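Engineer: Everything in the sequence shown is counted per the working numbering, starting at 8 for the first residue and increasing by one.
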Amino acid sequence: MINEFLDDDDVPTMGGALFDVERIEAMLRAAAHERKAMSYSELLLMLGYRFTRPKMRALCKVLDEIDRRAAAAHEPELAALVVREGDGLPGQGWWVGRSDYRGAWTGSAARAYLDAIQARAFEHWERRS
Numbered sequence: 008m009i010n011e012f013l014d015d016d017d018v019p020t021m022g023g024a025l026f027d028v029e030r031i032e033a034m035l036r037a038a039a040h041e042r043k044a045m046s047y048s049e050l051l052l053m054l055g056y057r058f059t060r061p062k063m064r065a066l067c068k069v070l071d072e073i074d075r076r077a078a079a080a081h082e083p084e085l086a087a088l089v090v091r092e093g094d095g096l097p098g099q100g101w102w103v104g105r106s107d108y109r110g111a112w113t114g115s116a117a118r119a120y121l122d123a124i125q126a127r128a129f130e131h132w133e134r135r136s
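This is how it looks when you write it as structure tokens:
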């Protein structure tokens, strides 16, 4: 059942929590500290939105900005902590944007690659918090 109190406007008219880079970054840092990945749906619900593809795409733009900031600060990326519920791997956009991986986006090689990236984030934010 859909929670009637969750915002379900179209992305072009949305603002607030979905585009709050600092808030989402803090949430991902906390998840990394706890050694936890989360699904796109889970993160959207934490922000007060139900999952829709337009909202997920908007969220992915924010995740790109968070990773851009992390790279500039020489910190591990955090977008790798946001994954699909079905297989626990990031979506296509995350894979397409990579210049350091050319394998399949599913399967054991993808899982091993993601695990290494997530481990760097977990270790970094465990030490910093």
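Just so you know, even glycine gets a beta-carbon here, dropped at the ideal spot from N, CA and C. Here the structure is a predicted model, which means the values were calculated and not measured.
Specify whether the region 95-114 and the region 52-61 touch according to this definition: at least 3 beta carbon pairs, one from each stretch, less than 8 Å apart.
Structural biologist: Because the criterion of three Cβ pairs below 8 Å is not met, the region 95-114 and the region 52-61 do not touch.
Engineer: If you pair each beta-carbon of the region 109-123 with each one of the region 57-75, do three or more pairs fall below 8 Å?
Structural biologist: The region 109-123 is not in contact with the region 57-75.
Engineer: With a cut-off of 8 Å, do at least 3 Cβ pairs link the region 25-40 to the region 129-136?
Structural biologist: With the cut-off at 8 Å, the region 25-40 and the region 129-136 touch.
Engineer: Less than 9 Å between the C-beta atoms of Leu121 and Val89, yes or no?
Structural biologist: Your numbering for residue 121 matches position 114 in the sequence shown. Your numbering for residue 89 matches position 82 in the sequence shown. No, the pair does not count as a contact, with Cβ atoms beyond the cut-off.
Engineer: Within this structure, are the beta carbons of Ala117 and Ala87 separated by less than 9 Å?
Structural biologist: What you label residue 117 is simply residue 110 of the sequence shown in a count that begins at 1. What you label residue 87 is simply residue 80 of the sequence shown in a count that begins at 1. No, Cβ-Cβ distance for Ala117 and Ala87 is not below 9 Å.
Engineer: Exposed or buried, what is Val103 when buried is set at 16 or more other beta-carbons lying within 10 Å of its beta-carbon?
Structural biologist: Translated into positions along the sequence shown, residue 103 becomes position 96. It counts as exposed.
Engineer: Report the partner residues of Ser46 according to the DSSP bridge assignment.
Structural biologist: Position 39 of the sequence shown, counting from 1, holds the residue named residue 46. Beta-bridge pairing links Ser46 to Val90.
Engineer: Could you give the distance in angstroms between the alpha-carbon of Glu49 and the alpha-carbon of Arg30?
Structural biologist: In the sequence shown, the residue the question calls residue 49 occupies position 42. In the sequence shown, the residue the question calls residue 30 occupies position 23. Cα to Cα, Glu49 sits roughly 15 Å from Arg30.
Engineer: Would a check of beta-carbon distances place Ser106 closer than 9 Å to chain C?
Structural biologist: Checking the listed chains, one finds no chain C in this structure; it contains a single protein chain.
Engineer: If you count every other CB in all the chains shown that lies within 10 Å of the CB of Glu84, and 16 or more means buried, which is it?
Structural biologist: Numbered from 1 along the sequence shown, position 77 holds the residue referred to as residue 84. Classification of Glu84: buried, given that the 10 Å Cβ count is 16 or more.
Engineer: Short of 7 Å in beta carbon distance, which residues of its chain neighbour Glu92, apart from the five on each side in sequence? Order them along the chain.
Structural biologist: Position 85 of the sequence shown holds residue 92. Only Ser46 and Ser48 meet the Cβ criterion.
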